[in-house]
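Working notes for the structure below.
2 protein chains.
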Amino acid sequence: MASSILMIIYDGIGDRPVKELDNRTPLEAAKTPNLDRMAKKGINGIMDTIAPGIIPGSDTGHLALLGYDPFKVYTGRGPFEAAGIGIEVEPGDIAFRCNFSTIEEGLITNRRAGRIKEGTKELSDSINQIDIGIDFVFQEGVEHRGVLIFKEDGLGSNVSDVDPHEEGVPYLTSKPISDNEDDTRTAEILNEFTKKSMKILSDHPVNELRVDMGERPANIVLARGSGTVPHIRSLPERTGMKCAAIAGIPLVRGVCLMAGMDIIEVDGATGGMDTDIEAIYLRAKEAMKEYDFVLVNIKGCDLSGHDGLAHEKVEFIERLDRELKILEGLEEHYIAFTGDHSTPVLVKDHSGDSLPLTIVGPQVRSDGVTSYDERSCVRGGLSRLSGQDLLNVLMDLSGHGEKFGA
Amino acid sequence: MASSILMIIYDGIGDRPVKELDNRTPLEAAKTPNLDRMAKKGINGIMDTIAPGIIPGSDTGHLALLGYDPFKVYTGRGPFEAAGIGIEVEPGDIAFRCNFSTIEEGLITNRRAGRIKEGTKELSDSINQIDIGIDFVFQEGVEHRGVLIFKEDGLGSNVSDVDPHEEGVPYLTSKPISDNEDDTRTAEILNEFTKKSMKILSDHPVNELRVDMGERPANIVLARGSGTVPHIRSLPERTGMKCAAIAGIPLVRGVCLMAGMDIIEVDGATGGMDTDIEAIYLRAKEAMKEYDFVLVNIKGCDLSGHDGLAHEKVEFIERLDRELKILEGLEEHYIAFTGDHSTPVLVKDHSGDSLPLTIVGPQVRSDGVTSYDERSCVRGGLSRLSGQDLLNVLMDLSGHGEKFGA
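So this is what it looks like as structure tokens:
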């Protein structure tokens, strides 16, 4: 019988040497006896999620980890954000991320409409009655967030944002980024949508109430991150595996949903520094009984990396390590420990630095590496691997691969 | 603020073990305390400029190092040679390298027309008056060298040489190498050019004078190395960086010019064994103030490799090392030390053997390698890298990279 696969993605775990940690990386500085034990039992290497030096986003990184070529299937964040908040999207749809914002005398005075919480459903209902000549769906998300989907053949996604990404300036006119007529058409429709949404929102009862209460009106929808929903073969179809994901953030959920994976909800998995690591590991372990492949994304390292907090990153890594004993009893299965990208505390953003990778399981060729970190794993038996190859390696080890040829 | 990038290409530095050097490579045998210090501070690896076992030319090798896929953009040497001697070429142009040669009674008796030095401008002027039914430019270069450019839509570059590459034989009729009509047309026009150039050169005053003085007449133009000028995005456009190159040889200059880089002239940089290494390093260091990315090509190792002179190669490497102290003070920047290909003294030509690669800079993950050479660098933190990835890795480290995705 085939074993199952657990791919644990410590979001943003990779880093660079930091002076305040005696020129060690946070992962090198952290006490990680359990991860080190995995490295000793396992086969190790370094991994470029997309390619050496290419800086992955959370979306493109997870696409690669699921075996898709992001250069072929990724055109923008919109479709994955839309899928992540539960909207049904179809290949060919054009999707945008949106904000409810506040416009006053032609200037965007608040990009988040004062982080509006109530009434967005009513605003959306009105927006969906606009006529822009094509089928579309607008769906509100958490607070000021929403997504917009154009459901029409022959539209391109290579258009610029309406969102100016700053306040105190006018909103932008979307422009095609190519000479392609499909893009021109999308930009024109989007600009019409912006104007008509503004019109319908300007005297909307929800906004009249907000103004009365001294709050910012949500009187414009600013779209950004245009992308085409890709034509991709779902993971179950491509691999024959039953697949699930545990992920706190909508963007990663969106990628997994679009890959045809089930999303497993975990109480207390917040996607923040306070996330319940124990609950996540426990739920993942349980899911291994039911699924052939489970992906787990835990976000904390990325957050402290973005904030430039080396010691906080060390502490979060030590928490990730401490709870690992929960995964005991999975010795018949294959578990990979890696990340989707580095988020070095000195960079305060994603970087293209390679990631440590350890695979444990009953039949791996262990390699003498004794520590799970960026520099120790280099000397492992996997050498340097591409993220797009990882799932194939795991499927092969666990008996889910299929012979190519005869 | 982003750091700058210096890519130092020691042309042909890679080698194989040589018996007369106690089975060490020239780089292993050379005393290189400064390069070894870089290896200790830096992150190391081996690099396949194009792909493992693929033998790079100077043109294809540098294209890869600048991040272009030579299999996609390279069709022949002509376009790069043309750009390297300062001719304006446009995407789609077909370019050939040419020699003024001597033909007597139907046989090529001297491929270099006795290394003609004077009068080539006058010969070119006459050649440019030939009518071959399309726009073209012929431009003389140094001594017997020149280039020919066909400026016409719908021409292919996949045609065989007119130059027989040996003496005592007739010149060749160019033939299409495919069934493509575009190639057939190019071959026909080139053959007509050859005949008409021969006619106009046969009784040219410059040649009558040469014959009177007992010198070889330059009475035929032999074309070779047909290639299409590629449609490529320039490096500044692709990367947003201000880019410059220091390179002694026209072919490498041509590649860099076509990539939109500025060429920096260095007095005493001859491209030969006598080149002024100190002046090159000094000028490169100065250029780092003005440019985001500087590529330096130093040719010496390749020359002694072609000549099969192991000890001469060792000595040149030691000179390269000795002057390296000039680069002190660039600690905030990222410097890569590598080559464009190996030129093993036992092969006396380029080879596909991988190259040593060391990257130093403020945030690299140093890796315990203590010597800069082919076999020590294997154990480094970069593992095995492709030349096409190197610039991405350097851009990521130095803060010039852009996130792909969100």
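Quick note, the sequences are listed as chains A and B, same order.
Going letter by letter, the first sequence gives residues 64 to 469 in this note's numbering.
Going letter by letter, the second sequence gives residues 64 to 469 in this note's numbering.
Just so it is clear, CB atoms sit at the ideal spot from N, CA and C, and this is done for glycine as well.
Locate the beta strand (DSSP E) running through Q202/A, then write down its first and last residues.
Note, Q202/A: beta strand (DSSP E), 198-203.
Could you check whether the Cβ of A469/B sits closer than 8 Å to any Cβ belonging to chain A?
For A469/B, at least one C-beta of chain A is nearer than 8 Å to its own C-beta.
T88/A lies in the beta strand (DSSP E); which residues open and close that run?
Counting along the chain, no beta strand (DSSP E) covers T88/A, and no H or E run does either.
Return the residue from the list D452/A, F143/A, D74/A, L448/A that minimises the CA-CA distance to N107/A.
Looking at the Cα atoms, L448/A is the closest of the given residues.
Under 8 Å, Cβ to Cβ, is there at least one residue of chain B near V441/A?
It does; some Cβ of chain B falls within 8 Å.
How about L473/A and G147/A: are their beta carbons less than 8 Å apart?
Outside the displayed range of chain A (64 to 469) lies residue 473/A, so it cannot be described from this structure.
Taking V318/A as part of the alpha helix (DSSP H), name the residues at either end of that continuous run.
DSSP places V318/A inside the alpha helix (DSSP H), whose first and last residues are 313-321.
Considering only residues of the same chain and omitting the five flanking positions on each side of G219/B, which have a CB-CB separation below 6 Å?
For G219/B, where only same-chain residues beyond five positions count, the Cβ hits under 6 Å are N243, D245, D246, T249.
Identified DSSP bridge partners for K405/A
It is worth fixing the name first, because residue 405/A is Ser in this sequence and not Lys. I76/A, S414/A.
Coarse secondary structure for D365/B, derived from DSSP in three states
Note: D365/B maps to helix in three-state DSSP.
Could you tell me how far apart the beta carbons of L400/B and L98/B are, in whole angstroms, since I believe they sit closer than 8 Å?
As written in the sequence, residue 400/B is Phe, which differs from the Leu given in the question. Yes, they are in contact, since the Cβ atoms of F400/B and L98/B sit about 6 Å apart, within 8 Å.
Under the three-state DSSP convention, the category K466/A falls into:
Secondary structure of K466/A (DSSP, three-state): coil.
Chain A contact for L448/B (CB, 8 Å cutoff):
Judged by the 8 Å Cβ criterion, L448/B is in contact with chain A.
Contact defined as beta carbons within less than 8 Å: I believe N270/A pairs with A286/A. What is the distance between those atoms, to the nearest angstrom?
The C-beta distance from N270/A to A286/A rounds to 19 Å, too long to fall under 8 Å, and the pair is not in contact.
Same chain, Cβ closer than 8 Å to A127/B, neighbours up to 5 away in sequence not counted
If we look at A127/B and ignore the five residues flanking it on each side, its Cβ neighbours are T112, I113, P119, P133, S449, G450, Q451.
Could you spell out where the beta strand (DSSP E) holding V210/A opens and where it closes?
Taken as a continuous stretch (DSSP letters only), the beta strand (DSSP E) holding V210/A covers 208-214.
Unbroken alpha helix (DSSP H) run spanning R100/B, endpoints
Run containing R100/B: 96-104, per the alpha helix (DSSP H) assignment.
Have a look at I190/A and H404/A and give me their C-alpha separation to the nearest angstrom.
The alpha-carbon atoms of I190/A and H404/A are separated by roughly 38 Å.
Just how far apart, CA to CA, sit H463/B and R438/B?
Roughly 30 Å between the two C-alpha positions.
Does the Cβ-Cβ distance between E283/A and Y234/A come in under 8 Å?
It is worth fixing the name first, because residue 283/A is Ile in this sequence and not Glu. Cβ distance < 8 Å, so I283/A and Y234/A count as in contact.
Which residues in the same chain as V222/B place their Cβ atom closer than 6 Å to its Cβ, once the five residues preceding and following it in sequence are excluded?
Apart from the 5 residues on each side of it in sequence, V222/B sits with its Cβ closer than 6 Å to the Cβ of S237, P239, D246, T249, A250, S289 in its chain, given in chain order.
Is it buried or exposed for H294/B, if we count other Cβ within 10 angstroms and need 16 for buried?
H294/B is exposed by the Cβ-count criterion.
Using a Cβ cut-off of 8 Å (strictly closer), state whether I113/A contacts chain C.
Absence of chain C from the displayed structure is noted, the protein chains being A and B.
Taking the continuous beta strand (DSSP E) assigned at E167/B, which residues delimit it?
Looking at the DSSP string, the run of the beta strand (DSSP E) that includes E167/B is 157-167.
Quick one: Cα of I340/B to Cα of G323/B, how far?
Approximately 25 Å, taken between the alpha carbons.
Would you mind sorting K82/A into buried or exposed? The rule is 16 or more other CB atoms within 10 Å of its CB.
So K82/A counts as exposed.
L84/A versus A373/A: straight-line alpha-carbon distance, rounded
Straight through space, the alpha carbons of A373/A and L84/A are spaced by roughly 8 Å.
For Y344/A and chain B, any beta-carbon pair shorter than 8 Å?
No, Y344/A does not count as interfacial toward chain B.
With H, G and I counted as helix, E and B as strand and the rest as coil, what does DSSP make of I179/A?
Residue state for I179/A is assigned as coil, using DSSP reduced to three classes.
Express the C-alpha separation of V359/B and E394/B in angstroms, rounding to a whole number.
Rounded to the nearest angstrom, the two C-alpha atoms are 18 Å apart.
Please tell me whether S220/A has its Cβ less than 8 Å away from any Cβ of chain B.
S220/A does not count as touching chain B.
Counting pairs of beta carbons, one from the segment 330-348 of chain B and one from the segment 150-164 of chain B, are three or more of them closer than 8 Å?
No, because fewer than three Cβ pairs between the segment 330-348 of chain B and the segment 150-164 of chain B fall closer than 8 Å, the two stretches do not touch.
Nearest by alpha-carbon distance to F213/B: which of F199/B, G130/B, V205/B, E206/B is it?
Looking at the Cα atoms, F199/B is the closest of the given residues.
Under a CB-based cut-off of 8 Å, is D226/A close to chain B?
Output row for D226/A: interface = no.
Does the segment 257-271 of chain A come close enough to the segment 179-190 of chain A to have 3 or more Cβ pairs within less than 8 Å?
Yes: the two stretches touch, three or more of their Cβ pairs being nearer than 8 Å.
In whole angstroms, what is the alpha-carbon distance linking R160/A and R79/A?
Approximately 32 Å, taken between the alpha carbons.
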